[in-house]
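Undergrad: Residue numbers (this note's numbering), protein chains in the order written: chain Z, 1 to 226; chain G, 227 to 452. Here it is, the structure in full.
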Ligand SMILES: [Zn+2]
Ligand SMILES: [Zn+2]
Ligand SMILES: [Zn+2]
Ligand SMILES: [Zn+2]
């Protein structure tokens with residue numbers, strides 16, 4: 001993953017609803033076709049949140065399994081990444097689909113405020129998800145919403161709960177977490193290179209910040225999510 | 227507060243117990259005498275967590291009132307700062323003593339992991355505490371345990387929930403929050419000067435990091451807590 005640029009696609013976040021965007025893929029069948037279209041356009045990684053019938057974020061392992069099976073059929077070599085985040089999902093359920101052994105899964109290594117709630121990732125929960133991913137051979141994508149998540153990741157690598165050279169995503173623009181600032185990205189990268197040498201990384205902006213942050217990441221040799 | 231150096235004393239944190247340190251002041255009478263001794267040694271500000279009889283952190287307004295009354299008698303011009311933090315205190319109770327109008331109160335402007343728990347300060351809770359302090363004329367001491375707490379503070383100042391030129395404390399060395407690193411302090415200070423011009427600041431290290439962080443703060447013109 002270090003040599004070339006990975007174009008990844010987050011087909012369905014945890015927040016938007018069909019009433020915001022009627023084209024939003026929310027059923028598993030829609031998500032598979034949306035991934036297929038992105039794959040034909042060049043995407044090499046898909047990050048997925050599955051949804052309940054009422055469009056709220058789901059933790060149902062059967063939905064994750066159906067998505068994984070469909071995507072493997074339609075897009076044979078795409079990297080499948082399951083989200084362990086998502087608002088309103090119970091802590092115990094957020095890793096319930098990891099036995100499906102996706103190629104990757106997201107892993108937030110700390111807690112932070114989101115627009116209206118605390119995005120809770122207590123220390124024991126983070127350690128449990130990290131250990132499960134390591135034991136099942138799932139590569140984590142570390143989600144860094146605030147600076148201590150990066151230093152926590154270095155500690156987890158030192159402890160062996162995360163394997164060396166993880167993939168790290170710096171996220172910008174979620175209200176109450178880090179705002180999109182180029183100097184913050186540069187400072188995060190200086191810590192990353194010192195504390196977790198050999199890690200690969202990307203940066204993502206939410207909503208209107210998406211293109212700006214992608215430009216910063218490309219200019220610095222990071223991978224890109226669309 | 228900007229012109230000279232404030233020596234502050236945190237007489238009782240939320241964690242240590244008498245079994246760790248028999249000299250720890252935990253009753254209100256002990257806390258008043260401990261503050262008196264620090265005052266005679268030059269302390270100009272006292273930060274206090276009151277305790278229940280079993281030594282766990284308390285939110286009891288009567289204990290805060292008794293402390294405030296005793297300290298005003300023994301140390302007439304010391305600045306009294308109440309903690310609104312502390313582990314194991316219910317959210318609703320953490321600001322229950324603010325009607326006593328201490329000179330200052332601590333205010334954490336976001337959430338972060340602590341050694342074993344999530345230190346929860348949900349967005350609405352932060353706004354409510356900030357608004358109460360502003361309305362009662364209590365100066366907040368902003369506690370920055372992770373970077374987004376600083377950018378959130380700038381937003382709260384812009385909104386008018388925190389008055390301009392607040393006092394900010396950068397905290398280092400709580401496990402799972404920011405580690406003690408001089409480059410992190412320098413980066414925080416660069417953001418502080420840009421985003422909240424005129425703010426005063428201090429830096430505090432926990433436990434064995436206390437003297438190191440105090441040295442960094444003194445070298446940069448910050449205030450000091452002992
Ligand atoms: Zn996601
Ligand atoms: Zn297809
Ligand atoms: Zn006395
Ligand atoms: Zn305190």
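Where is the CB? At the ideal position from N, CA and C, for every residue including glycine.
Measure from the C-beta of residue 177 of chain Z to each C-beta in chain G and report whether the shortest distance is under 8 Å.
TA: Locating residue 177 of chain Z in the first chain gives position 177, where the first residue counts as 1. Interface residue, yes.
Undergrad: Flag residue 343 of chain G as yes if its beta-carbon sits less than 8 Å from any beta-carbon of chain Z, otherwise no.
TA: Start at 1 with the first residue of the second chain, and residue 343 of chain G comes out as number 117. So, interface residue.
Undergrad: Please confirm whether residue 317 of chain G and residue 346 of chain G have their CB atoms less than 8 Å apart.
TA: Residue mapping note: residue 317 of chain G aligns to position 91 of the second chain, counting from 1. Residue mapping note: residue 346 of chain G aligns to position 120 of the second chain, counting from 1. Yes, they are a contact pair.
Undergrad: Can you tell me whether residue 365 of chain G is buried or exposed? The criterion is at least 16 other CB atoms within 10 Å of its CB, across all chains shown.
TA: Counted from its first residue, the second chain places residue 365 of chain G at position 139. So residue 365 of chain G counts as buried.
Undergrad: Quick one: is residue 19 of chain Z buried, meaning 16 or more other Cβ sit within 10 Å of its Cβ, or exposed?
TA: Indexing the first chain from 1 puts residue 19 of chain Z at position 19. Flag for residue 19 of chain Z reads exposed.
Undergrad: Flag residue 373 of chain G as yes if its beta-carbon sits less than 8 Å from any beta-carbon of chain Z, otherwise no.
TA: Against the second chain, residue 373 of chain G aligns to sequence position 147. True, the Cβ-Cβ gap to chain Z drops below 8 Å.
Undergrad: Going by Cα to Cα distance, which pick from Z/180, Z/188 and Z/135 is closest to residue 211 of chain Z?
TA: For the purposes of this step, residue 211 of chain Z is taken as residue 211 along the first chain, with counting starting at 1. Closest by alpha carbon: Z/180.
Undergrad: Going by DSSP in three states, residue 127 of chain Z sits in which element: helix, strand or coil?
TA: On the first chain, position 127 is the one that residue 127 of chain Z refers to. Residue state, collapsed to three classes: helix.
Undergrad: Cβ-heavy atom distance between residue 258 of chain G and ligand 3 below 7 Å?
TA: By 1-based counting over the second chain, the position of residue 258 of chain G is 32. At least one heavy atom of ligand 3 is nearer than 7 Å to the Cβ of residue 258 of chain G, so yes.
Undergrad: I want to know whether the segment 82 to 102 of chain Z touches the segment 127 to 137 of chain Z - three or more CB-CB distances under 8 Å.
TA: Cβ pair count under 8 Å is three or more, so yes.
Undergrad: What do you reckon, is the C-beta of residue 47 of chain Z under 7 Å from a heavy atom of ligand 1?
TA: In the first chain, the residue the question calls residue 47 of chain Z occupies position 47. Answer for residue 47 of chain Z: yes, Cβ within range of ligand 1.
Undergrad: For residue 201 of chain Z, which residues does DSSP report across the bridge?
TA: Looking up residue 201 of chain Z in the first chain gives position 201. Answer is Z/168.
Undergrad: I believe residue 131 of chain Z touches residue 165 of chain Z by the beta-carbon criterion, under 8 Å. Please report the beta-carbon distance rounded to the nearest angstrom.
TA: What you label residue 131 of chain Z is simply residue 131 of the first chain in a count that begins at 1. What you label residue 165 of chain Z is simply residue 165 of the first chain in a count that begins at 1. With a Cβ gap of about 18 Å, residue 131 of chain Z and residue 165 of chain Z do not count as contacting.
Undergrad: If the cut-off is 7 Å on Cβ atoms, which residues from the segment 322 to 339 of chain G count as contacting chain Z, listed in chain order?
TA: So the list reads 336, 337, 338 and 339, given in the order they occur along the chain.
Undergrad: Indicate, with yes or no, if ligand 4 has a heavy atom lying under 7 Å from the CB of residue 309 of chain G.
TA: Mapped onto the second chain, residue 309 of chain G falls at position 83. Indeed, a heavy atom of ligand 4 lies less than 7 Å from the Cβ.
Undergrad: With a threshold of 8 Å between beta carbons, is residue 423 of chain G in contact with chain Z?
TA: Along the second chain, read from residue 1 onward, the residue named residue 423 of chain G stands at position 197. No - not a single Cβ of chain Z is within 8 Å of the one on residue 423 of chain G.
Undergrad: Whole-angstrom Cβ separation of residue 418 of chain G and residue 446 of chain G, contact assumed at under 8 Å?
TA: In the second chain, the residue the question calls residue 418 of chain G occupies position 192. In the second chain, the residue the question calls residue 446 of chain G occupies position 220. In fact, because the Cβ distance is near 11 Å, the residues do not count as touching under 8 Å.
Undergrad: Would residue 377 of chain G count as contacting chain Z if we go by Cβ distances under 8 Å?
TA: Within the second chain, numbered from 1, the residue matching residue 377 of chain G stands at position 151. It does: the Cβ of residue 377 of chain G has a partner Cβ on chain Z nearer than 8 Å.
Undergrad: Would residue 339 of chain G and residue 8 of chain Z qualify as a contact pair, given that the criterion is a beta-carbon distance under 8 Å?
TA: One-based indexing of the second chain puts residue 339 of chain G at position 113. One-based indexing of the first chain puts residue 8 of chain Z at position 8. It is not a contact, given that the beta carbons lie outside the stated cut-off.
Undergrad: Tell whether a beta-carbon distance below 8 Å holds between residue 314 of chain G and residue 334 of chain G.
TA: Your numbering for residue 314 of chain G matches position 88 in the second chain. Your numbering for residue 334 of chain G matches position 108 in the second chain. Contact flag unset, no.
Undergrad: Enumerated in chain order, which unbroken segments of the alpha helix (DSSP H) with a length of 4 residues or greater are wholly contained in the segment 40 to 115 of chain Z?
TA: Entirely contained in the segment 40 to 115 of chain Z, the alpha helix (DSSP H) runs reaching 4 residues are, in chain order, 61 to 74.
Undergrad: Kindly examine ligand 1 and report whether one of its heavy atoms sits closer than 7 Å to the Cβ of residue 106 of chain Z.
TA: For the purposes of this step, residue 106 of chain Z is taken as residue 106 along the first chain, with counting starting at 1. Flag set: Cβ of residue 106 of chain Z near ligand 1.
Undergrad: For residue 291 of chain G, which residues of its own chain have a beta-carbon under 8 Å away from its beta-carbon, when the five flanking residues on both sides are left out?
TA: Within the second chain, residue 291 of chain G is the residue found at index 65, counting from 1. These residues qualify, in order along the chain: 323 and 326.
Undergrad: 8 Å is my cut-off, CB to CB: does residue 187 of chain Z come that close to chain G?
TA: For the purposes of this step, residue 187 of chain Z is taken as the residue at position 187 of the first chain. True, the Cβ-Cβ gap to chain G drops below 8 Å.
Undergrad: Would you list the residues sitting across from residue 223 of chain Z in a DSSP beta bridge?
TA: Here residue 223 of chain Z is taken as the residue at index 223 of the first chain, counted from 1. Its beta-bridge partners are Z/202.
Undergrad: Measuring alpha carbon to alpha carbon, tell me which of Z/185, Z/147 and Z/27 ends up nearest residue 228 of chain Z.
TA: Because chain Z spans 1 through 226 in this model, residue 228 of chain Z falls outside it and cannot be assessed.
Undergrad: For residue 527 of chain G, which of helix, strand or coil comes out of DSSP?
TA: The question about residue 527 of chain G has no answer, for chain G in this structure spans 227 to 452.
Undergrad: Would you mind reading off the limits of the beta strand (DSSP E) that contains residue 144 of chain Z?
TA: The count along the first chain starts at 1 and reaches residue 144 of chain Z at position 144. Residues 139 to 144.
Undergrad: Listing by chain order, which chain Z residues have their CB less than 9 Å from the CB of residue 348 of chain G?
TA: One-based indexing of the second chain puts residue 348 of chain G at position 122. Near residue 348 of chain G (Cβ distances below 9 Å), the residues of chain Z are 113, 116, 117 and 118.
Undergrad: At which residues does the alpha helix (DSSP H) containing residue 152 of chain Z begin and terminate?
TA: Counted from its first residue, the first chain places residue 152 of chain Z at position 152. From DSSP, the alpha helix (DSSP H) with residue 152 of chain Z extends over 147 to 159.
Undergrad: Hey, out of Z/169, Z/55, Z/47 and Z/146, whose CA is closest to residue 21 of chain Z's CA?
TA: The residue labelled residue 21 of chain Z in the question sits at position 21 within the first chain. Of Z/169, Z/55, Z/47 and Z/146, the residue nearest in Cα terms is Z/55.
Undergrad: For a quick check, are the C-beta atoms of residue 367 of chain G and residue 393 of chain G less than 8 Å apart?
TA: Position 141 of the second chain, counting from 1, holds the residue named residue 367 of chain G. Position 167 of the second chain, counting from 1, holds the residue named residue 393 of chain G. A contact, by the Cβ cut-off of 8 Å.
Undergrad: If you draw a straight line from the alpha carbon of residue 80 of chain Z to that of residue 73 of chain Z, how long is it in whole angstroms?
TA: Your numbering for residue 80 of chain Z matches position 80 in the first chain. Your numbering for residue 73 of chain Z matches position 73 in the first chain. If I take the Cα positions, the gap works out to 12 Å.
Undergrad: Would you give the residue range spanned by the alpha helix (DSSP H) that residue 420 of chain G belongs to?
TA: Here residue 420 of chain G refers to the residue found at position 194 of the second chain. First-last of the alpha helix (DSSP H) with residue 420 of chain G: 408 to 421.
Undergrad: Express the C-alpha separation of residue 162 of chain Z and residue 43 of chain Z in angstroms, rounding to a whole number.
TA: As a working note, residue 43 of chain Z is residue 43 in the first chain. As a working note, residue 162 of chain Z is residue 162 in the first chain. Whole-angstrom Cα-Cα distance: 26 Å.
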